[in-house]
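One structure is given here, and the rest of the page talks about it.
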Amino acid sequence: MPILDGTTPNRVAIIGAGVAGLVCARILTRGGFSVRLLEASDGVGGRVRTDEVDGFLLDRGFQVFIEAYPEPTRQLNYETLKLQKFDPGAIVRYDGGFHLVSDPIRKPGAIVDALVAPVGTLVDKIRVGLHRIAIVFQKDEEIFGAPEETTYDFLTDTLGLSSSMVSRFFAPFYQGIFLSPLEEQSSLLFNFVFKMFSVGSASLPEGGMGEVPKQIAADLPDGCLLLNTKVVSLDKIEEDDYDDDEGEGDALLPYSGSFDGSPRVRLTLEDGSELLAHAAVVATEAPVAAELLGEEAALGGGASPSTGRSSTCLYYAIDGPAPVGGPILVLNGEGAKSSGPVNNVVFLEQTAPSYAPAGKSLASVTVVGSPDCSDSELEAKVRAHLAEWFDKNNGGDAGAGGLPTRGADVAKWKHLRTYRVPYAQPAQRPPVREGGFYGRKVQVDDAIFVCGDHRATPTLDGAMKSGVLAGEAVTTDLIAGESRPIMRKGQPYRRRKQVRV
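Quick note on this note's numbering: the sequence shown kicks off at 12 and runs consecutively.
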């Protein structure tokens, strides 16, 4: 079958080879359907990609693989990914020192450091521990069915945690995950992710986060995936598009709203060529979906694409060992007193040695949002902030807070790359439960489907689950179409103006 044929329809066309689109494509191809997966960029993964620069592996924005997520456990071969684990908890930078906040259940050896750290009170730590024990026994459906409030209100009012515990640990930790203040995060998502961290590890694939989508793409048949193929418009083919050669006459059989044997959607590509299909799935991020379908159809009652969250990640190469040893995240617990833009930093080779050449270290620095300054100005601010934390001239040799730190010369760190991700994830400001996180329908019109993390949770799990739901919905639709009226073989269609669905 020709890949781009204006007269021979493909069974399903999927726009976007991010995680959701890849999962959807695999479900459909395994079901025996002819699928064309169209990706505008030069590779699969969407926002989950990894670049190699000077022997270092740079994920496009700091990401971790949360092993306990339900859908990835069904979709991926973890053994093949060769996951490298982070230690539970984090090191918190506060009041000129570094302080360990750990999970004493999963890492009993750190219990003393965790208890004496000036991050929250002893009562706080007991309350967090009791909540951890309770949440692991809750089903995910129960978590998402609970009353919703902001994460800040949940932590301070429902759990009764002190401001020091919230501002020094939970705020930077979950702001690094959901890229927004706790006041703009859903308690439902907080508890879901909190459970995932409680029952499983955060890790990195040996070859970078980009190995996740590559593993799924490897299962697709030859000819399914088309890279560098941008779709600029998506049209439904309506009943009156089918006509005889003169544009008149009675060529139509009774119309059922869907065709079997005839295309129902037309995709126009950037080069002007067309692709016809029986069904189309828009598996792009929300702003692109809104351009193709219109905001209401694309988002299904969710947040406007303009409220997506942005993130900036800077990478530095270091000759020699990292200033903080161990596979653990370092958080900025200074809150409003912070003197710089860094939210968190991690030395990735401490977790996955493959991320850096032998004898070198790799610092990944996250800045929440996209600061209104040039990349060079931002890099200077970040470097100054890191020097305040780690430089040997600022007490880096002292092992502040009792943790093993090594004095660094941050001025010598080589800046490798800055990634600004304008749409790192969809916003999830409460209330977001209209239809539920997974309650937004994936079929938005006859033969038109939508999937992506913006229609589920802003997580890898949400993207995969949304792709599964779309694949299942398309399968049901196409199987049902076998009983619908069949158009006459060879019947032409009349080109029409674009109609936004």
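A virtual CB, placed ideally from N, CA and C, is assigned to each residue, including glycine.
- Between R431 and S273, the alpha-carbon positions lie close to 43 Å from each other.
- Within the same chain, and ignoring the five residues on either side of V210 in sequence, the residues whose Cβ sits closer than 7 Å to its Cβ are A79 and V147.
- The straight-line gap separating the alpha-carbon atoms of T162 and D70 is approximately 28 Å.
- Of the residues R320, C235 and E50, the one whose Cα lies closest to the Cα of P192 is R320.
- Per DSSP, the beta bridge partners of R47 are A24.
- With a threshold of 16 other beta carbon atoms within 10 Å, R85 falls short and is exposed.
- In the three-state scheme derived from DSSP, where H, G and I count as helix and E and B as strand, G305 is classed as coil.
- Just so you know, the alpha carbons of A291 and I26 end up roughly 8 Å apart.
- Within the segment 128–163, the runs of alpha helix (DSSP H) at least 4 residues long that lie entirely inside it are, in chain order, 133–146 and 151–155.
- Every unbroken stretch of the alpha helix (DSSP H) spanning 4 or more residues and falling wholly within the segment 284–369 is given here in chain order: 297–304 and 306–310.
- Secondary structure note for T377: its beta strand (DSSP E) is the uninterrupted segment K371 to V379.
- Listed in chain order, the beta strand (DSSP E) runs fully inside the segment 418–463 are 425–436, 454–456 and 459–461, counting runs of at least 3 residues.
- With fewer than 16 other Cβ atoms inside 10 Å of its own Cβ, E194 counts as exposed.
- When beta bridges are read from the DSSP output, D472 appears opposite no residue.
- Straight-line spacing of the CA atoms in L489 and H289 works out to 8 Å.
- Take L427, set aside five residues on each side of it, and the residues of its chain with a beta-carbon closer than 7 Å to its own are V64, D65, F67, L69, Y326, Y327 and A328, in chain order.
- Non-local C-beta neighbours of L389 in its own chain, meaning closer than 8 Å and more than five positions away in sequence, comprise T323, L325, P352, V378, P382 and T429, ordered along the chain.
- Assigned with DSSP and collapsed to three states, A101 falls in strand.
- Under DSSP, E63 takes part in a beta bridge, and its partners are L68.
- Assignment of Q95 by DSSP, reduced to helix, strand and coil, places it in the strand class.
- In this structure, P216 and K93 form a Cβ contact; the two beta carbons are roughly 6 Å apart against a cut-off of 8 Å.
- Counting C-beta pairs with one atom in each stretch, the segment 339–350 and the segment 432–442 have fewer than three that are closer than 8 Å, which means they do not touch.
- Residue pairing by DSSP places I77 opposite A213 in a beta bridge.
- If you draw a 10 Å sphere on the C-beta of G283, you find fewer than 16 other C-beta atoms in it, and that means exposed.
- The secondary-structure analysis by DSSP pairs S197 across a beta bridge with T161.
- In the three-state scheme derived from DSSP, where H, G and I count as helix and E and B as strand, V177 is classed as helix.
- Where K225 is concerned, the enclosing alpha helix (DSSP H) starts and stops at E222 to A228.
- Using a Cβ distance threshold of 8 Å, E152 and M475 do not count as a contacting pair.
- Sorting S178, V393, H396 and Y366 by C-alpha distance to the C-alpha of G219 places Y366 at the top.
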